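Trainee:
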Amino acid sequence: MDLSELPEPLRARIAERDARTPVEKVRAFLRGYVADSDGPDEIRGALQRTARTNTRYLRQDLAAMELVLAEPHTPGTLLRLVVGDGNWDLDRNPTDAEAAAVLGELAEMLRTVIDDAA
Numbered sequence: 125m126d127l128s129e130l131p132e133p134l135r136a137r138i139a140e141r142d143a144r145t146p147v148e149k150v151r152a153f154l155r156g157y158v159a160d161s162d163g164p165d166e167i168r169g170a171l172q173r174t175a176r177t178n179t180r181y182l183r184q185d186l187a188a189m190e191l192v193l194a195e196p197h198t199p200g201t202l203l204r205l206v207v208g209d210g211n212w213d214l215d216r217n218p219t220d221a222e223a224a225a226v227l228g229e230l231a232e233m234l235r236t237v238i239d240d241a242a
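Residue numbers for the sequence shown follow our numbering, beginning at 125 and rising by one.
#1: Taking A224 and L193 to be in contact with their CB atoms under 8 angstroms, please state how far apart those CB atoms are, rounded to whole angstroms.
#2: Among R137, P199, P131, which residue has its Cα nearest to the Cα of D220?
#3: Pop quiz: D209 and R155 are said to be a contact at Cβ under 8 angstroms. What is the actual Cβ separation, rounded to whole angstroms?
#4: Alpha carbons only, please: which of R235, Y181, P164 is nearest the one belonging to E140?
#5: Within this structure, are the beta carbons of T177 and I238 separated by less than 8 angstroms?
#6: Tell me whether A242 sits in a helix, a strand or coil according to DSSP, three-state version.
#7: Indicate whether L227 and L186 have their beta-carbon atoms separated by less than 8 angstroms.
#8: My guess is that Y157 and A175 are in contact by the Cβ rule of under 8 angstroms, so how many angstroms apart are they, rounded?
#9: Going by alpha carbons, who is nearest to L230 out of R216, F153, H197?
#10: Where does R135 land, buried or exposed, given buried means 16+ other C-beta within 10 angstroms?
Take a look at the structure:
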């Protein structure tokens, strides 16, 4: 897609989204697709609807999630992302490992949706 043909406000929005850090991209993904969902089926449905139009940002979200899962973080970072930004209910004494598992499941869901849309 030739971005130069888009109006300036859209180009600026795309540039802003592209410039986000991996953690910011994961945070936005969690807030947009996970936080108010009723669970995995609703999340998958929303991702599939998005993928029917365009997978550009879904691919960015997947790459960001993979980077976040691969990099070391200060304790509590993954937990805050999943519980705080994603509004995902974990066990009574949640851990970063549990949060990483949730992010891994979401990454796999994203991967499948993207592959199916291709």
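Backbone N, C-alpha and C define an ideal beta-carbon position, used for all residues, glycine too.
Predicted model, so just to flag it, every value in this text is computed and none were measured.
Mentor: Straight from the coordinates:
#1: Numbered from its first residue, the sequence shown carries residue 224 at position 100. Numbered from its first residue, the sequence shown carries residue 193 at position 69. With 8 angstroms as the limit, A224 and L193 qualify as a contact, their Cβ atoms being about 6 angstroms apart.
#2: Translated into positions along the sequence shown, residue 220 becomes position 96. That would be P199, whose Cα lies nearest to the Cα of D220.
#3: Taking the first residue of the sequence shown as 1, we reach residue 209 at position 85. Taking the first residue of the sequence shown as 1, we reach residue 155 at position 31. D209 to R155, Cβ: 5 angstroms. Contact.
#4: Residue 140 sits at position 16 when you count from the first residue of the sequence shown. E140 has its Cα closest to that of Y181, out of R235, Y181, P164.
#5: Your numbering for residue 177 matches position 53 in the sequence shown. Your numbering for residue 238 matches position 114 in the sequence shown. A distance of 8 angstroms or more separates the beta carbons of T177 and I238.
#6: The residue labelled residue 242 in the question sits at position 118 within the sequence shown. Residue state, collapsed to three classes: coil.
#7: Position 103 of the sequence shown, counting from 1, holds the residue named residue 227. Position 62 of the sequence shown, counting from 1, holds the residue named residue 186. Taking 8 angstroms as the Cβ cut-off, L227 and L186 do not qualify as a contacting pair.
#8: In the sequence shown, residue 157 corresponds to position 33, counting from 1. In the sequence shown, residue 175 corresponds to position 51, counting from 1. So it is not a contact: roughly 12 angstroms between Cβ atoms.
#9: Residue mapping note: residue 230 aligns to position 106 of the sequence shown, counting from 1. Nearest option by C-alpha distance: F153.
#10: Here residue 135 refers to the residue found at position 11 when the sequence shown is read from its first residue. The residue is exposed, with fewer than 16 neighbouring Cβ atoms inside 10 Å.
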